[in-house]
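K.L.:
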Amino acid sequence: MTIQLPNGREITGALTVDCGEGREDAERGGIRYTRQPRAKYECFACHTTETASGPIDVKAFAAGIRDAHKTNCHPIHPARRKAQAA
48 MTIQLPNGRE ITGALTVDCG EGREDAERGG IRYTRQPRAK YECFACHTTE TASGPIDVKA
108 FAAGIRDAHK TNCHPIHPAR RKAQAA
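With the sequence shown counted from 1, adding 47 to any position gets you the working numbering.
1) Do three or more CB pairs link the region 104-122 to the region 78-92 at distances below 8 Å?
2) Among P122, A115, H121, which has the Cα closest to the Cα of L62?
3) Excluding sequence positions up to five away, which residues of its chain have a Cβ less than 7 Å from the Cβ of E57?
4) Compute the Euclidean distance between the alpha carbons of I112 and T118, then round it to the nearest angstrom.
5) Opposite Q51 in the DSSP bridges: which residues?
6) What did DSSP end up calling T118 once you bin it into helix, strand or coil?
7) In terms of residue numbering, what span does the beta strand (DSSP E) encompassing C147 cover?
8) Between H121, G67, N54, which has its C-alpha nearest C90's C-alpha?
Structure follows, in structure tokens:
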């Protein structure tokens with residue numbers, strides 16, 4: 048499944064980033080998290096979901112997941128997609 052936009056382009060995936068919750072800790076020189084950052088990428092073509100958590104991992108994940116996933120994406124054939132919907 049892809050989402051068709053009025054200009055003819057398609058949305059093939061969604062990247063969601065939750066920046067977490069925390070406060071700056073001057074003594075430690077960084078942020079003390081009460082809820083760690085996390086990210087999720089969902090591919091609408093192959094129905095794969097990939098996740099990451101933690102400030103360093105989320106930053107790297109968000110920066111490269113779209114390109115990394117494109118090389119590994121195996122879209123579901125349209126006929127199989129129709130069978131799954133039924």
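Think of the CB as a built atom: it goes at the ideal place given N, C-alpha and C, for glycine as much as any other residue. Quantities reported herein were computed from a predicted structural model and do not represent experimental measurements.
P.N.:
In short, the structure shows the following:
1) Yes: the two stretches touch, three or more of their Cβ pairs being nearer than 8 Å.
2) Looking up residue 62 in the sequence shown gives position 15. Nearest C-alpha to L62: A115.
3) Here residue 57 refers to the residue found at position 10 of the sequence shown. Closer than 7 Å at Cβ, skipping near neighbours: T49, I50, Q51.
4) Translated into positions along the sequence shown, residue 112 becomes position 65. Translated into positions along the sequence shown, residue 118 becomes position 71. Here the alpha carbons of T118 and I112 stand approximately 10 Å from one another.
5) As a position in the sequence shown, residue 51 is number 4, starting the count at 1. Paired residue(s): E57.
6) Here residue 118 corresponds to residue number 71 of the sequence shown, with the count starting at 1. For T118, the three-state secondary structure derived from DSSP is helix.
7) The structure shown does not extend to residue 147, since the chain is modelled only from 48 to 133, so the question has no answer here.
8) In the sequence shown, residue 90 corresponds to position 43, counting from 1. Considering only alpha carbons, the answer is H121.
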